[in-house]
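Quick note on UniProt numbering: the sequence shown kicks off at 1 and runs consecutively.
We treat Cβ as the ideally placed atom computed from N, Cα and C, and that holds for glycine.
A quick write-up on the structure given underneath.
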Amino acid sequence: MSVAFVKEPNEDQVEGLPERDLGTDPNFVTERGLAQLDAEIVKGEAALEEAREKGDKIAMAHVNRDMRYWRARRSTAQLTIPEDDTEVVQFGHRVEIRRDDGKVLSYRIVGIDEADPTEGLISYLSPIARQMIGKEEGDTFRAGAHQAEITAVSLD
């Protein structure tokens, strides 16, 4: 049967999926971030096997695309362990800040794939992390619409 005017693929067709963006910035990771990359690969291998068993070509295409991403991220991962010096904010540190409205926030500066702002994990490329890196306890900086002061720096 001709599929010239059909938008959805049939079981013999799989539309080309766009690759996931790997970005051009260094792929710095914490030890936790490296473990998460490994876990994503294991999870993907299991999902790929399940899709193969079901003969689901569309699911296989999605999983294969994701696996290319996670394997590329793993192969470019640069494990970055922060120095014991907690005087200067750096990648991997937990930073507590107090905004000018009195709100106290805590962030850990991590790699791109590990970032989860709801857990206080922010990418080293995020605007607030860029503002904090290189600063010391007592330094102030602009945090969105607020001024903020770094009140503590720790290894977590």
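Residue range of the alpha helix (DSSP H) that includes residue i
i    : result
Y69  : K57 to T76
Q147 : No alpha helix (DSSP H) holds Q147; the beta strand (DSSP E) holding it covers H146 to S154.
I128 : P127 to M132
Residue interval of the beta strand (DSSP E) (run including residue i)
i    : result
E19  : Taken as a continuous stretch (DSSP letters only), E19 belongs to no beta strand (DSSP E), as it is neither H nor E.
L37  : Run containing L37: none in the beta strand (DSSP E); it sits in the alpha helix (DSSP H), E31 to K54.
I97  : R94 to R99
I122 : L121 to S123
Buried or exposed by the 16-neighbour rule on C-beta atoms within 10 Å, applied to residue i
i    : result
E19  : exposed
D113 : buried
L155 : exposed
Where residue i falls: helix, strand or coil (DSSP)
i    : result
E137 : coil
A143 : strand
I112 : coil
Residue closest to residue i, alpha-carbon to alpha-carbon, out of the options
i    : options                 : result
T76  : R142, G134, V29 and D66 : V29
R120 : T24, V104 and G55       : Going by the sequence as given, residue 120 is Gly instead of Arg. Answer by Cα proximity: V104.
V95  : G134, E31, A46 and D66  : G134
P26  : K54, F141 and G111      : G111
Span separating the alpha-carbon of residue i from that of residue j
i    : j    : result
A129 : D101 : 19 Å
A152 : E87  : 9 Å
S106 : K54  : 45 Å
D56  : E136 : 53 Å
R99  : G33  : 28 Å
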